[in-house]
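Basically our numbering = 1-based index in the sequence shown + 65. The beta carbon of each residue, even a glycine, is placed where N, CA and C say it ideally should be.
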Amino acid sequence: MKAIRVHKFGGPEVLQLDEVPDPTPGPGQVVVRVRAAGVNPVDTYVRSGSYAMLPTLPYIPGNDAAGVVEAVGAGVTRFQKGDRVYVVRTTTQLCGAYAELALCDAAMVHPLPGNVSFSQGAALSVPYGTAYRGLHHKAHARPGETLLVHGASGGVGIAAVQLARAHGMTVIGTAGSERGRKLVHEHGAHHVLDHATPDYLQRLMGLTDGRGADVILEMLANVNLQKDLDVVARFGRIVVIGNRGSIEINPRGTMGKDAAILGLALWNASPEEMASIHAALGAGLANGTLRPVVGQELPLKEAARAQEAVLKPGAYGKIVLIP
Ligand code: NAP
């Protein structure tokens, strides 16, 4: 099969198209013919060699995919050849999706409803899993509460907007481009702010009658964490999802409000939590409340361009690779 491989950590140019042996499923495993692979920011951190968990070289990048079951191993009864599925992850964490075929444990594969395209399916695992875990497992968000999705135009942000809107929350989302703000509004945010303007969080205080946001899902904590403390409501929860550096904060911001700052790594979700996440996502896909947004589809061989694009401003849903 064709696959993108990384032979040494470095810039996007280390992503090369190789011919590699097809995987065969062992007991309890399935091989998925990949129709679309999701490109996540974490793929770039791993490729550069700066991430906490690094694979053995050479490796095939990518975590998220959707496609059709190609072969099933002994003992697999949930799937048969030809089933449409999305992949939560392959047998090697954070690896293996930028390829024509992906080897997965059957438990890490879920049915893809007929109303969801393969490209949309490749936008599910990391983005929707993270948004769900942030909202429900970490912040314990309640209907009627106000949510700030600080960075709502990308993969995780759009997922959070849709999940929170369906959950009965008042949703405020931010984006840095006009196109992104329109998208965030179309996908359910009641109010949309521009995080590139100086006074946008004063507007949030106005929109909440001075109370602030009960829950904040933060995509760029090294820029925003102090601002989040300024606009979080009493008993509020700030969930740190994305961070690309350091920041000085005044912890006093947490005290008077009994506010909490909660870290999140999707990889820490237990098997039970992962099962609950994907049961909820399956229900949301089936009833149409979850509609992943694919902003860009690129051929597999253009993985380097896709990884450059995912770090640029002006996010618009997901970028996916088509083998
Ligand atoms: P993405 O699709 O590239 O989107 C990035 C988002 O950040 C966009 O909405 C972008 O908005 C926004 N942003 C840019 N500047 C901002 C600012 N000053 N304030 C607030 N938001 C800003 O990435 P993603 O897949 O949604 O992931 C978002 C972050 O979460 C990444 O850092 C990723 O590594 C991280 N993440 C962490 C986990 C975990 O387990 N903790 C899981 C998934 C993702 P504009 O482009 O419109 O400016």
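- When the beta-carbon positions are compared, Val97 and Ala172 stay at least 8 Å from each other.
- The DSSP assignment places 166-170, 174-176, 211-215 as complete runs of the beta strand (DSSP E) inside the segment 159-233, in order along the chain (cut-off: 3 residues).
- As a beta-bridge residue in DSSP terms, Leu282 pairs with Val214, Val304.
- Going by C-alpha positions, Glu338 is about 33 Å away from Asp259.
- DSSP, read as helix, strand or coil, puts Gly360 in strand.
- Per DSSP, reduced to three states, the secondary structure at Leu258 is strand.
- About 4 Å separates the Cβ atoms of Leu213 and Ala278, confirming a contact at the 8 Å cut-off.
- In the DSSP annotation of this structure, Gln145 is not part of any alpha helix (DSSP H), being labelled neither H nor E.
- Taking each of Val150, Ala102, Pro90 in turn and checking the Cα distance to Gly140, the smallest one comes out for Pro90.
- Looking at Gly75, Ala261, Ala240, the one whose alpha-carbon comes closest to that of His252 is Ala240.
- A straight line joining the alpha-carbon of Ala368 with that of Asn315 spans about 41 Å.
- Between the ligand NAP and His250, a heavy atom-to-CB distance of less than 7 Å is absent.
- Ile312 carries a coil assignment under DSSP once its states are collapsed to helix, strand and coil.
- Secondary structure note for Glu338: its alpha helix (DSSP H) is the uninterrupted segment 336-351.
- Taken through DSSP and simplified to helix, strand or coil, Arg100 comes out as strand.
- Here Val236 is near His255, since their CB atoms are less than 8 Å apart.
- Sixteen is the threshold: when 16 or more other Cβ atoms of the shown chains lie within 10 Å of the Cβ of Ala187, as they do, the residue is buried.
- Here the alpha carbons of Val280 and Gly307 stand approximately 15 Å from one another.
- Pairing Phe144 with Val134 gives a Cβ-Cβ distance under 8 Å.
- If you draw a 10 Å sphere on the C-beta of Ile342, you find 16 or more other C-beta atoms in it, and that means buried.
- Counting along the chain, Arg70 sits inside the beta strand (DSSP E) bounded by residues 67-71.
- Classified as buried, Ile303 has 16 or more neighbouring CB atoms from the shown chains inside 10 Å of its CB.
- By the criterion of a C-beta distance shorter than 7 Å, Thr354 is surrounded in its chain by Gln227, Ala231, once the five residues flanking it on both sides are discounted.
- A distance of 8 Å or more separates the beta carbons of Cys169 and Pro120.
- The C-alpha of Glu283 lies about 31 Å from the C-alpha of Arg70.
- Using a 10 angstroms sphere on the CB of Ala130, the tally of other CB atoms reaches 16 or more, which defines it as buried.
- Assignment of beta-bridge partners to Ala324 by DSSP yields no partner.
- For the set Tyr151, His72, Arg370, Tyr116, the Cα lying nearest the Cα of Ile125 is the one of His72.
- Distance from the C-beta of Thr262 to the nearest heavy atom of the ligand NAP is not below 7 Å.
- For Ile281, the shortest separation between its Cβ and any heavy atom of the ligand NAP does not lie below 7 Å.
- Per DSSP, the unbroken alpha helix (DSSP H) holding Val249 starts and ends at 243-251.
- Under the three-state reduction of DSSP output, Lys377 falls in the coil class, being neither helix nor strand.
- Sequence-distant partners of Thr319 (beyond 5 residues in either direction) whose C-beta falls short of 8 Å from its own C-beta, in its chain, are Leu294, Ala325, Ile326.
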